[in-house]
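Chemist: Numbering (the working numbering), first residue to last: 7 to 137. Encoded as C-alpha cells, here's the structure I'll be asking about.
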C-alpha cells in the first residue's frame with residue numbers, strides 16, 4: 007500500500023533525494039503501527055496527522071542515509087567555516103518531529119475517524135515506549 011509517495015515530500019533539500027526504499031520503509035512503518043491499533047492494511051484511511059508522520063519517517067530515513075555526504079562542510083577553524091552536516095541537522099529535526107507526532111496518533115488516525123467498538127471521542131490512546 008502506497009500511503010506516502012515521492013510527490014508528498016516537500017522538503018526543499020530532500021526533494022528528489024528520498025528514495026523508493028525510504029518511501030517503502032515509511033509505508034511499512036505505518037502498516038505496522040496500524041496493526042498495533044488493530045487496523046488491517048486494507049482498512050487504513052490515513053488522517054492528515056498520519057500522513058505527516060509517514061512523510062517525516064521517509065525524510066528521517068533519507069537523512070540517515072545521507073549523513074556524511076554534505077559537500078558544503080568545511081574542515082578548519084576559520085571565519086565562515088561550517089563544520090556541521092546539513093543532513094545530520096535535518097535528521098535530528100525529523101527525529102524529534104517523528105517522536106512528537108507518534109505521541110499524538112490514535113486509532114482514529116488509521117481508520118478515517120471511526121472509533122472502535124465501545125470507543126468514545128473523549129478517550130485517547132496513550133502509547134508507551136522507550137526510546
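Cβ coordinates follow ideal geometry from the N, Cα and C atoms, glycine included. The structure presented is a predicted model; accordingly, all values stated were derived computationally and were not measured.
#1: Please report the straight-line C-alpha distance between residue 65 and residue 7, rounded to a whole angstrom.
#2: Counting beta carbon pairs with one atom in the segment 14-24 and one in the segment 36-46, are three or more of them shorter than 8 Å?
#3: I need the DSSP call for residue 117, collapsed to helix, strand or coil.
#4: Can you list, in chain order, the residues of its chain whose CB lies under 6 Å from that of residue 59, leaving out five sequence neighbours each side?
#5: Please identify the residue among 72, 49, 93 and 99 whose C-alpha is closest to the C-alpha of residue 117.
#6: How big is the Cα-Cα spacing for residue 113 and residue 104?
#7: Taking the alpha helix (DSSP H) that residue 77 belongs to, which residues open and close that run?
#8: Have a look at 28, 69 and 26 and flag the residue whose alpha-carbon is nearest the alpha-carbon of residue 97.
#9: In the DSSP assignment, what residue or residues form a beta bridge with residue 51?
Modeler: Well, looking at it:
#1: To locate residue 65, count along the chain shown from 1; it is residue 59. To locate residue 7, count along the chain shown from 1; it is residue 1. The alpha-carbon atoms of residue 65 and residue 7 are separated by roughly 18 Å.
#2: no
#3: Sequence index remark: in the chain shown, residue 117 carries index 111 (1-based). Residue 117: strand per DSSP, three-state reduction.
#4: For the purposes of this step, residue 59 is taken as the residue at position 53 of the chain shown. Here the set comprises 107.
#5: Residue mapping note: residue 117 aligns to position 111 of the chain shown, counting from 1. Ranking the options by Cα distance to residue 117, first place goes to 49.
#6: Position 107 of the chain shown, counted from the first residue, corresponds to residue 113. Position 98 of the chain shown, counted from the first residue, corresponds to residue 104. Whole-angstrom Cα-Cα distance: 17 Å.
#7: To locate residue 77, count along the chain shown from 1; it is residue 71. Run containing residue 77: none; DSSP gives neither H nor E here.
#8: Numbered from 1 along the chain shown, position 91 holds the residue referred to as residue 97. Ranking 28, 69 and 26 by Cα distance to residue 97 puts 69 first.
#9: Against the chain shown, residue 51 aligns to sequence position 45. Answer by DSSP bridge pairing, in chain order: 117.
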